[in-house]
Structures are given as structure tokens and as C-alpha cells.
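Numbering (my numbering), first residue to last: 24 to 483.
From the three backbone atoms N, C-alpha and C, an ideal C-beta is built for every residue, glycine too.
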């Protein structure tokens with residue numbers, strides 16, 4: 024179990040089992056029939072009081088992290104965030120905690136969606152993205168869809184026998200569980216499982232198991248449709264079959280060894296000049312000699328002092344160019360001449376946003392949106408309407424540090440495919456490179472010509 028999950032579980036257990044938890048309306052044994060709602064303001068107050076968090080913004084951040092991993096969830100919303108207001112939240116049952124159950128399979132998700140279509144209740148109707156996912160899964164599991172439908176039908180019959188309040192609470196907990204593992208488009212995916220990619224590649228995501236024993240049951244006591252009932256009594260054959268398939272995959276080469284070797288050789292030949300074990304640096308290695316001239320040359324921003332080896336490295340890829348402060352400065356000047364300097368400014372602003380303290384994120388997000396993406400922005404960037412609309416929706420719901428991810432990737436690809444290649448062909452880069460080459464030639468010439476002794480003609 025990972026350390027974040029352990030920390031969340033400790034906080035939640037502490038919240039549940041102390042007297043303050045009873046005052047919030049949380050039952051000791053987490054019986055679904057007796058769980059009551061908790062307001063977001065009460066959660067934030069409790070966290071600030073008992074977890075040694077002085078800043079309210081930090082307390083909201085901690086609560087949102089726990090909600091995004093599925094430890095409690097808003098009752099009337101599917102965006103797993105916590106607000107410091109009168110919004111009501113419900114605690115998730117422990118069998119649905121990510122630290123208790125593994126990553127569910129797509130067959131489990133298919134059974135859940137299929138069961139939702141059998142229940143004639145407005146609150147259980149499929150959203151648009153869920154209907155699209157169901158269509159993908161039906162196409163993916165076309166051969167076993169009859170079995171999936173039977174499992175969904177059996178689960179629906181069991182649910183009808185439950186108490187009305189218990190069934191309502193269980194439905195909300197189950198839906199919150201899938202909001203974590205198959206989130207609403209635009210939300211942060213804490214499990215990093217992409218339903219579209221999984222369906223497209225026609226294979227299941229990797230299943231993370233907490234214990235060494237196989238876990239065949241979906242949390243909540245419902246049978247996983249990926250196995251038959253006979254496997255529950257004799258799972259050894261199924262496990263042996265899985266081991267055999269994994270061994271065959273290990274033996275099968277996905278990429279030709281010759282292609283891999285060529286890639287490695289090309290990479291090491293390209294970077295051989297910059298490896299101190301292969302090519303002796305000039306000036307000398309600071310770790311061996313007492314001279315720090317090498318470090319000074321590597322960090323200088325003065326065009327006259329930049330060595331040629333640094334400028335040549337800019338042509339390897341755009342990442343090398345942007346990692347070098349001098350290269351980033353030269354690329355920025357080139358983009359300004361091309362009237363596209365706002366692209367690099369936007370990308371750098373988004374990169375800076377990722378490293379800011381959380382108390383400054385909200386202000387910085389609005390500054391970036393106002394300058395680059397809002398209607399009538401001072402430096403508008405060239406992104407399509409779909410991405411702009413996605414960013415605008417995220418700004419309204421929860422403006423986090425990751426709100427501009429799609430726009431940042433889009434701008435980076437534009438610079439990489441268009442601006443970067445034109446910069447390498449431009450006279451600005453060629454002149455800069457030739458200027459460093461001439462300087463290097465002059466330095467070598469001075470070192471080759473010997474210094475003549477001075478002649479004293481005044482006396483014998």
C-alpha cells in the first residue's frame with residue numbers, strides 16, 4: 024500500500040472513531056443505513072483543528088486530495104472536490120477505498136453501466152460520457168456481452184431486495200467509486216487509467232492487488248464478471264493460465280533488437296561530446312582540476328562567452344533548447360520576430376504554475392487565463408475552440424494548477440513542429456553558431472602559435 028493511501032486512511036479512521044466524528048454525524052461502524060451527511064465547512068474545520076493545518080487553503084487542498092482518491096464524496100455532484108460551504112458529503116465505505124481494493128477491470132465497469140440502464144430512475148440515468156463508454160465496452164466485449172448482461176441483471180435483482188435507504192446510499196457510494204476510477208471528462212484522474220486507450224488497445228489495464236491472494240470479488244460483495252463461478256472454488260487453473268500467458272509475453276520481443284541497438288548507438292554518438300568519460304571537456308573538468316571555468320561557461324548568458332558545444336546541443340531537440348537559459352532567450356527573440364512570442368510565454372507561465380505554492384495557484388491561474396485565453400486577451404494563443412471551452416469549464420468548477428494541461432501540450436506541439444524547425448533553419452541560429460565557431464578557431468590558433476622570447480637589444 025502506498026504512503027498517500029496510508030496517510031488518508033489514518034486521517035479518515037481518526038475522523039470516524041473519535042468523539043468529534045459523532046458530532047459530525049458519522050456512525051462508528053459505517054453502516055450504510057445510518058450514515059448521515061457532513062457539510063464541507065465542518066470537514067475543513069475539523070481538519071484545521073486536528074491535523075495541525077493552520078491555512079484554510081491547505082485544509083481545503085488536503086480534503087480535496089482525499090475526495091479525489093475516493094474517501095468521501097459530494098452527494099449531489101460528480102466532481103470530487105471539497106468546498107468550504109454547506110455542500111453535503113458522504114463518507115465512502117471502506118471496501119471501496121483504493122487502498123482496500125485493486126484497480127477494477129473494464130468488465131466490472133461494463134456490468135455497472137449495464138445495470139444502470141436496467142433501473143428506471145432519473146438519478147441513475149447514464150450521462151453522455153457514460154453512454155459513450157458503454158458503447159465502447161460493448162464493442163470491446165462483444166463475445167462475452169451476454170455473460171456481462173446476465174451479471175448485471177443478477178446484481179439488479181439483488182439490489183431490489185435491499186432496503187430503500189440502504190439501496191440509495193449504496194448506489195451513491197458505487198457511483199462515487201466509479202467517479203474515481205472512470206472520472207468525468209475534465210477531472211483529474213488519480214488512477215491514471217484512460218478508458219478510451221484501454222478500449223482502443225483491446226486489453227485490460229494493469230490490476231494492482233493489495234494482497235498476494237487473488238481478489239475475485241468487486242467491492243461490495245458482487246461477483247466479478249471476468250471469471251466464472253467455478254473459478255471461485257478452484258482458482259489454481261486460472262492462475263496457472265495467467266502465468267503461462269505472461270511468460271509468453273516476456274519471451275515475445277515487441278521491438279526488434281536491431282532497431283533498439285541503432286537507437287542507442289545514435290543517441291550515444293550524438294551525446295559523446297558531452298560525456299566527460301568519453302571526451303575530455305575544454306576547459307578542464309572542475310572535479311579534477313581547481314578551475315571552475317567550465318561551470319562558468321555552462322551557465323553564462325553573455326553571447327560572447329557561450330561555447331560552441333552549447334549552441335550545437337540546441338539542435339538536438341526542442342527540450343535541449345528550452346533547458347538552456349541562453350537558448351531559451353535566443354528562441355524567444357526569434358519568436359518575437361515571427362510574431363508568435365506569446366506561445367513561449369504561455370508555455371513558460373504554465374510550467375511555472377506547476378511549481379507554485381498552492382496559496383498562489385488561484386491568482387496565477389486567473390492571470391494566465393486573462394492574458395492568453397480570455398476574450399480580448401492581451402497575448403492570445405492559437406488553440407482550438409474545444410480546448411478553450413474545456414479550460415473555461417475547469418475555471419468555473421475548480422481552477423487547479425493542471426487546468427491548462429491540454430492547452431500547454433497543444434502549444435508545445437505547435438512550437439516543436441513549426442517554430443523550432445524554422446528557428447534551426449534561420450539566419451539567426453546559423454550566425455550565432457558560426458560566431459561561436461569563429462571564436463573557437465581564434466582560441467585554438469592562439470594556443471598553437473608559440474610565444475617568442477623577448478629580445479634585449481640594449482646590451483650585450
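Got a sec, what are the start and stop residues for the alpha helix (DSSP H) residue 333 sits in? 331 to 336
Three or more C-beta pairs under 8 Å: does that hold for the stretch 384 to 401 against the stretch 183 to 193? no
Straight-line gap, residue 174 to residue 194 (C-alpha atoms, nearest Å): Near 17 Å, if we compare the C-alpha coordinates of residue 194 and residue 174.
Closest by C-alpha distance to residue 329, when choosing among 347, 343, 338, 314: 347
Only counting the same chain, and skipping five residues up and downstream in sequence, which positions put a Cβ closer than 8 Å to that of residue 164? 129, 130, 133, 171
Check whether the stretch 300 to 310 touches the stretch 341 to 357, counting contact only when three or more Cβ pairs, one atom from each stretch, lie closer than 8 Å. no
Identify whether residue 164 lies in helix, strand or coil by the three-state DSSP scheme. coil
What does the alpha-carbon distance come out to for the pair residue 242 and residue 162? Bear in mind that a pLDDT of 38 at residue 242, under 50, signals an unreliable position, so the number given afterwards is only what the model happens to contain. Distance between the alpha carbons of residue 242 and residue 162: 25 Å.
Inspect the beta-carbon positions of residue 209 and residue 417 and report whether they are closer than 7 Å. Less than 7 Å separates the beta-carbon of residue 209 from that of residue 417.
When 116, 424, 333 are compared against residue 379, the one with the closest alpha-carbon: 424
Same chain, Cβ closer than 7 Å to residue 341, five either side skipped, listed in chain order: 438, 439, 443
Mind the definition here: the stretch 91 to 99 touches the stretch 197 to 204 only if three or more C-beta pairs lie below 8 Å; say whether that holds. yes
Simplified DSSP assignment, three categories, for residue 427: coil
Is it the case that the CB of residue 309 approaches a heavy atom of the ligand SAM more closely than 6 Å? No copy of the ligand SAM occurs in the structure displayed, which carries no ligand at all.
Through-space distance from residue 432 to residue 405, alpha-carbon basis: A direct Cα-Cα distance of roughly 12 Å separates residue 405 from residue 432.
Going by DSSP, what residues sit across from residue 97 in a beta bridge? 112
Assigned exposure category for residue 266 - 16 Cβ within 10 Å defines buried: exposed
Check whether the Cβ of residue 407 lies closer than 7 Å to any Cβ atom in chain B. Absent from the structure: chain B. Only one protein chain is present.
Could you give the residue range of the alpha helix (DSSP H) that holds residue 370? From DSSP, the alpha helix (DSSP H) with residue 370 extends over 364 to 377.
Suppose the cutoff is 8 Å on Cβ atoms and the five residues either side in sequence are ignored; what does the same chain contact list for residue 90 look like? Here the set comprises 96, 97, 103, 104, 105, 112.
Tell me the rounded alpha-carbon separation between residue 79 and residue 72. 11 Å
Indicate the three-state DSSP secondary structure (helix, strand or coil) for residue 414 in the structure shown. helix
Beta-carbon proximity check, residue 430 vs residue 420, cutoff 7 Å: no
Residue range of the unbroken alpha helix (DSSP H) whose run includes residue 446: It spans 443 to 448 - the alpha helix (DSSP H) in which residue 446 sits, taken as one unbroken run.
Can you tell me where the alpha helix (DSSP H) holding residue 192 begins and where it ends? 187 to 204
In its own chain, which residues sit with a C-beta less than 7 Å from the C-beta of residue 81, not counting the 5 before and 5 after it? 381
Apart from the five residues just before and just after residue 324, which ones in its own chain have a Cβ nearer than 8 Å to its Cβ? 348, 349, 352
At the level of alpha carbons, what is the spacing between residue 327 and residue 447? 20 Å
Go ahead and label residue 370 buried or exposed: buried means 16 or more other beta carbons lie within 10 angstroms of its beta carbon, across all protein chains shown. buried
How many angstroms separate the CA atom of residue 395 from the CA atom of residue 86? 31 Å
Cβ atoms of residue 207 and residue 101: under 7 Å apart, would you say? In contact: residue 101 and residue 207 (Cβ atoms closer than 7 Å).
So the alpha helix (DSSP H) residue 341 belongs to, where does it begin and stop? 341 to 346
Using the three-state DSSP reduction, which class does residue 142 fall into: helix, strand or coil? coil
Here's a check: name, in chain order, each residue in its chain whose Cβ is nearer than 8 Å to the Cβ of residue 318, leaving out the five neighbours to either side. Excluding residues within five positions, the ones whose Cβ falls inside 8 Å are 309.
Expressed to the nearest angstrom, what Euclidean distance is found between the alpha-carbon atoms of residue 287 and residue 436? 25 Å
Tell me which same chain residues have a C-beta within less than 6 Å of the C-beta of residue 315, skipping the five on either side of it? 309
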